[in-house]
Amino acid sequence: MNDDYDGSDLWLRYVPVSDPGLLRRYRKAVTTVIVENADRDKVYRHTPDLAMAPGSTERLMESTLEAAREELVRGLSGLLDRRVRVESRPGHHIPDGAVIVGTRDSSATVRRLVPAEDLAALGDAGYLVRSLSAGPHEFTVIAGGTAVGALYGAFAFLRLLQTGKPVTDLDIADRPRVANRHLNYWDTERLYAGNDESGTGGLNGENGAIFNFAATGASADLNLPLILDRYLVAARAMASVGINGITINNVNANNAYLTPEYIAQEAALADALRPYGIRLALSIRYAAPTDPRFAPDTLTEEQMAPVDADFQAWWNRRARQIQESIPDFVGFTVKANSEGQPGPQDFGYDHGDGANGMAVAVAPLGLTIYWRTFVYNPDVDTDRLKRAYLEFGPIDDEPQPDGSHGRFLENVFLQTKNGPLDFQAREPIHPMFGRMANTNQAIELQITQEYTGQSRMLCFLAPMWEEILKTDTHATDDQGRPLDHRLVGHVVDGTAQGHSATSIVGVANLGNADNLTGHHFSQANFYAFGRQAWDWTLDSADLADDWVRMTWSGDEDVVDAIVGMMMGSWEALVSYQTPLGIGHQFTADVHYGPGPSESDLPREDWNPTYYNQADSVGLGYDRSPTGSDLTAQYFPALAAEYGSIDTVPENLMMWFHHVPWDHPMRSGRIFWDELVDHYYSGVEYVGGMRRTWDSLEPAIDARRFAEVRAKLALHEVDAADWRDTCVGYWQQFSGREIPDQ
Ligand code: GCW
């Protein structure tokens, strides 16, 4: 055990397999890695002198197959605890234990062993892993339709060994359900994985962000175009779970990212990530054309109408400049008319016009606009949660001159948070899922734990994403008949309503912390997001199991203990933070601790009291037909379920109803007693996690053990603060005693 290990390899650590029997079987099954023509298809590189920072241990790859080969060599040598042989062609006979990786194009052996039609069914990113034999020799072929598919197959094969699964008699075929599996990276906003816990100014004058664009102090010499180890570790980790794009800057965008100096830095980053099949996108500020720093190429306010040729030409020029350095550039992510960001409404146009104006500008370049729907203009409705659909829904329904419906163009994605508020620990699904049949929709999930304990609390989010993605929208067709495939996941993967442009976006939790995510267990959220983005039907407990084996230990007792901790951690957080469907009880700005009594923020809909509506009758926001009628935005079956206090799931009760303190709950207890019980049991669960972790000390390397232990201690104190602050405040309204626990 390396007791100093800091977690910096994420789940790609590749420690030797500890079970002797398994190790023997693996060593027999895997002896040699064979990758033909790994050097032939070099990926594009813009930066002639692209280089790693001095002292780096990672190495820049020149091709995707080289990345696959190097990962297999590194991974297998580590896992098998001996160097594997590497060949560039199989020779007369394929050796026993060979692992052959490639595409039908790159490898004559793959061409011979894998029929074209088997791969054709797997699309661009799919792969197959097959055990084959010739005479006495047994070997494995990992084939992709593309080199990136082969790389994904290589990671999938490594995962089998990392998780103690058999590697013989394999016949695996896999392909992603969703085409664009992206991260959004908010860098300086909400940064919980920086070296400085407070997130303000990190180690060596860096700001704590994972990518250095303008670091100062001792890190001033470590800015892009220099490539740091952590960029490549992140890239390998992304590829290992199939993430294929990243918007690298905050959606509250800084125009610096569109300047030539920054574009040169972005190009270097894109060069480094490209072998891993990862493409870059940028967040932009809608009003960037008026920024004097682009002078003389600026627009006046009058030219800012999205339908204006000058506006479109400006964005086309800017995109072209980027594309010249980054040929596989994805496009722009846009936060417009939201939380003070400029947008088309400032110039008299709506979101459809704004998104389409930009989309028209970049369509000739093959680029995409990700237009966020996180808007809540108070003029639209008194209930913040109704506002986005009221703005976007009519544009989706709008009849078009050609007889079709929906104004958003084909190269636009509307990017919508999973729920209608803002990444609360539990929300119902956003009513837009299923409602926007004529528009491409991307779901936005938050990996970084803004409202779910940041990098202090252990909260495994995969069960939440699973709950969301597997929620029935009850969507119907235009005749009112229920769709066959109508879970949120089906809407996202396009099978619900026949969309071929599909995307899932995770707001990343990466930073410059040694372990890249701040909390060792936050790595699990990064991991699980990628796996669920690839295949939302996966079981979150299986993902936890895989991650634990890859990250901590393959010992069954240890695995059971840690998976057990993780699987209840989200529900526990919901319980001590915002139980039974109450939303947003956070103290201002920080979004970490409790502030249920706060009522004087500059916007009414930022106040916890706006969401809790506490009074002597009860607690919760009435969004039923007798209240704001948010429920009407859902399809009828869901509207009916949520609309009645008798049928609403209790875990969403206060989201939709003002619940009387003595309301009888399904348990037989009254609401007050049940509410209080949630707060207490949630904190107890955290105590249980702390004790379980303590019991694992002999099995876990010292540094990581101590770091998690310290976080759990803080976690328990802060969870108790949530409980005491909230219960104490509610008590002023309920006037009731705290029931015996
Ligand atoms: O909840 C809010 C966060 C902002 C964030 C915003 C958004 C990037 O407090 O920090 O801004 O959501 O999603 O746009």
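At position 369 of the sequence shown the residue is numbered 370 (my numbering), and the sequence of numbers has no breaks. All C-beta atoms in this analysis are idealised placements derived from N, C-alpha and C, irrespective of residue type, glycine included. It should be emphasised that the depicted structure is a prediction, and the values quoted were computed from it without experimental measurement.
- Rounded to whole angstroms, the gap between the alpha carbons of arginine 191 and leucine 517 is 15 Å.
- Restricting attention to beta strand (DSSP E) runs no shorter than 3 residues, the segment 13 to 45 encloses them at 33 to 36, ordered along the chain.
- Beta-carbon to beta-carbon, methionine 655 and leucine 581 are separated by about 5 Å, close enough to satisfy the 8 Å threshold.
- Just measuring C-alpha positions, the residue of Asp222, Thr141, Val234 and His47 sitting nearest arginine 75 is Val234.
- Relative to the non-hydrogen atoms of the ligand GCW, the Cβ of arginine 90 never comes closer than 6 Å to any of them.
- The Cβ atoms of isoleucine 279 and glycine 332 lie no closer than 7 Å to each other.
- Taking 6 Å as the cut-off, one finds no heavy atom of the ligand GCW near enough to the beta carbon of tryptophan 607.
- By the criterion of at least three beta-carbon pairs nearer than 8 Å, the segment 565 to 583 is in contact with the segment 449 to 463.
- In this structure, threonine 65 places its C-beta atom within 7 Å of the C-beta atom of alanine 148.
- With respect to isoleucine 505, valine 18 sits apart: the two C-beta atoms are not nearer than 7 Å.
- Residue nearest to proline 293 within the set Pro276, Leu259 and Ala320 is Leu259 (criterion: CA-CA distance).
- With contacts defined as CB atoms closer than 7 Å, alanine 545 and glutamine 498 fail to qualify as a contacting pair.
- Taking a C-beta distance under 7 Å as the contact criterion, arginine 70 and serine 78 do not qualify as a contact pair.
- Pairing alanine 320 with asparagine 256, the inter-Cα distance amounts to about 13 Å.
- Taking the Cβ atoms as the reference, valine 508 lies roughly 7 Å from glutamate 445, within the contact range of under 8 Å.
- Of the heavy atoms belonging to the ligand GCW, at least one sits nearer than 6 Å to the Cβ of tryptophan 187.
- Of the residues Asp515, Pro637 and Thr588, the one whose Cα lies closest to the Cα of tyrosine 6 is Asp515.
- For lysine 336, the number of other beta carbons within 10 angstroms of its own is at least 16, and it is reported as buried.
- Under the three-state reduction of DSSP, asparagine 441 is assigned to strand.
- DSSP, reduced to helix, strand and coil, places glycine 92 outside both helices and strands of the structure shown, so it counts as coil.
- Of all alpha-carbon atoms in Gly619, Ala30 and Arg691, the one lying nearest the alpha-carbon of phenylalanine 734 is that of Gly619.
- Taking 7 Å as the cut-off, the Cβ atoms of phenylalanine 434 and valine 381 do not count as close.
- Straight-line measurement puts the Cα of glycine 688 at about 41 Å from the Cα of serine 284.
- Within the segment 159 to 236, the complete beta strand (DSSP E) segments of 3 residues or longer fall at 172 to 175 and 181 to 185, listed in chain order.
- Look at glutamate 428: its beta carbon is at least 6 Å from all of the heavy atoms in the ligand GCW.
- With 16 or more other CB atoms across the displayed protein chains lying within 10 angstroms of its CB, methionine 62 is buried.
- The C-beta distance from isoleucine 448 to asparagine 510 rounds to 5 Å, short enough to fall under 8 Å.
- In the DSSP annotation of this structure, the continuous segment of the beta strand (DSSP E) that includes glutamate 139 starts and ends at 138 to 145.
- Judged by DSSP in its simplified three-state form, phenylalanine 414 adopts strand.
- Under the three-state reduction of DSSP output, valine 660 falls in the strand class.
- For phenylalanine 375, the shortest C-beta to heavy atom distance toward the ligand GCW is below 6 Å.
- A buried status is given to histidine 520, since no fewer than 16 other beta-carbon atoms sit within 10 Å of its beta-carbon.
- Beta-bridge analysis with DSSP links glutamine 342 to Ser339.
- Leucine 676 is classed as buried because its beta carbon has at least 16 other beta carbons within 10 Å across all chains shown.
- Note on lysine 712: 16 or more other CB atoms within 10 angstroms of its CB, so buried under the neighbour-count rule.
- Ranking Ala638, Asp329, Gly355 and Gln266 by CA distance to the CA of alanine 216 puts Gln266 first.
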